[in-house]
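K.L.:
Numbering (full-length UniProt numbering), first residue to last: 1 to 200. Before I ask anything, here is the structure I am working with.
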């Protein structure tokens, strides 16, 4: 209950505080990249229930999230938004709606639904978050298996104090631009299932 209240209050404050930036970025995307301004995609939420996540559009029209080369699929403005994590600002609306929490396991693609092991599925016992323990521990620089270990560790031990610490650490990580993309790779490799990732 306290966590939900904190999510609502902080997301509202965040939307108001960042509204000038949100308006400016929306205008820039519209001018330089055209419509649509936002990227909306179905993701797995709590208890594997799908919801639509909303971010600023960073990709050129005609390119999907599965495109292999970020340099090709991203717009010039999109690269800046992704690198600074500003593309995530609209996700505060998902938090306000109750689809997500500020802190929790990152929401993943619907196609991954049947690829989790029973243990890994525990990450869906709580609301997904904008940031989480896995993001602080390496974000896209660690393997899927390691990410899921951190996700479940968070599920088992999360608290308001822990959330505050992770939010503060996230701010520093964003400014340092840590772990945005995996080392020596353009994008995070697709999660193909437990067996193929156990050796990571």
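The beta carbon of each residue, even a glycine, is placed where N, CA and C say it ideally should be. Since this is a predicted model, take the numbers as computed values, not measurements.
Alpha carbon to alpha carbon, what distance is there between residue 85 and residue 156?
P.N.:
Going by the C-alpha atoms only, they are around 27 Å apart.
K.L.:
Less than 7 Å between the C-beta atoms of residue 104 and residue 126, yes or no?
P.N.:
Yes, the pair counts as a contact, with Cβ atoms nearer than the cut-off.
K.L.:
Hey, how far is the Cα of residue 116 from the Cα of residue 19?
P.N.:
Between residue 116 and residue 19, the C-alpha separation is close to 37 Å.
K.L.:
Got a sec, what are the start and stop residues for the alpha helix (DSSP H) residue 14 sits in?
P.N.:
Segment 2-32, the alpha helix (DSSP H) holding residue 14.
K.L.:
Consult DSSP for residue 175 and reduce its assignment to one of helix, strand or coil.
P.N.:
In the structure shown, residue 175 sits in a helix (DSSP, three-state: H, G or I).
K.L.:
Would a C-beta distance cut-off of 7 Å place residue 121 and residue 188 closer than the cut-off?
P.N.:
Their beta carbons are not under 7 Å apart, which means residue 121 does not touch residue 188 by this criterion.
K.L.:
Would you report the Cα separation of residue 74 and residue 174, rounded to the nearest angstrom?
P.N.:
Distance between the alpha carbons of residue 74 and residue 174 is about 19 Å.
K.L.:
According to DSSP, is residue 76 helix, strand or coil?
P.N.:
Residue state, collapsed to three classes: helix.
K.L.:
For residue 37 versus residue 30, is the C-beta distance shorter than 7 Å?
P.N.:
Closer than 7 Å, so yes.
K.L.:
Can you check whether the CB of residue 102 is closer than 7 Å to the CB of residue 7?
P.N.:
Contact flag set, yes.
K.L.:
Please return the same chain residues whose Cβ sits closer than 6 Å to the Cβ of residue 147, not counting the five positions on each side in sequence.
P.N.:
If we look at residue 147 and ignore the five residues flanking it on each side, its Cβ neighbours are 134.
K.L.:
Assign residue 152 to one of two classes, buried (16 or more other C-beta atoms within 10 Å of its C-beta) or exposed (fewer than that).
P.N.:
Flag for residue 152 reads buried.
K.L.:
Please state whether DSSP places residue 190 in a helix, a strand or coil.
P.N.:
Reduced to three states, the DSSP call for residue 190 is coil.
K.L.:
If the criterion is Cβ atoms closer than 7 Å, does the pair residue 55 and residue 107 meet it?
P.N.:
Not in contact: residue 55 and residue 107 (Cβ atoms no closer than 7 Å).
K.L.:
On a CA-only basis, which of 13, 129, 51 and 61 is nearest residue 170? Give me that one, please.
P.N.:
For the residues 13, 129, 51 and 61, the minimum Cα distance to residue 170 belongs to 129.
K.L.:
Any idea if residue 11 is buried or exposed, counting beta-carbon neighbours within 10 angstroms, 16 or more meaning buried?
P.N.:
Buried, since its Cβ has 16 or more Cβ neighbours within 10 Å.
K.L.:
Can you list, in chain order, the residues of its chain with a C-beta nearer than 6 Å to that of residue 39? Leave out the 5 residues immediately preceding and following it.
P.N.:
Once the five neighbours on either side are set aside, the close Cβ partners of residue 39 are 55 and 57.
K.L.:
Could you name the residues of the same chain whose beta carbon sits closer than 8 Å to that of residue 44, not counting the 5 residues immediately before and after it, in chain order?
P.N.:
Correct list, in chain order: 50, 107, 108, 109, 110, 112, 113, 124 and 128.
K.L.:
Put residue 200 into one of helix, strand or coil per three-state DSSP.
P.N.:
For residue 200, the predicted model reports a pLDDT of 36, less than 50, meaning its position is unreliable and no value from the coordinates is stated.
K.L.:
Excluding the five sequence neighbours on either side, which residues of its own chain have a C-beta within less than 6 Å of the C-beta of residue 163, listed in chain order?
P.N.:
Correct list, in chain order: 103.
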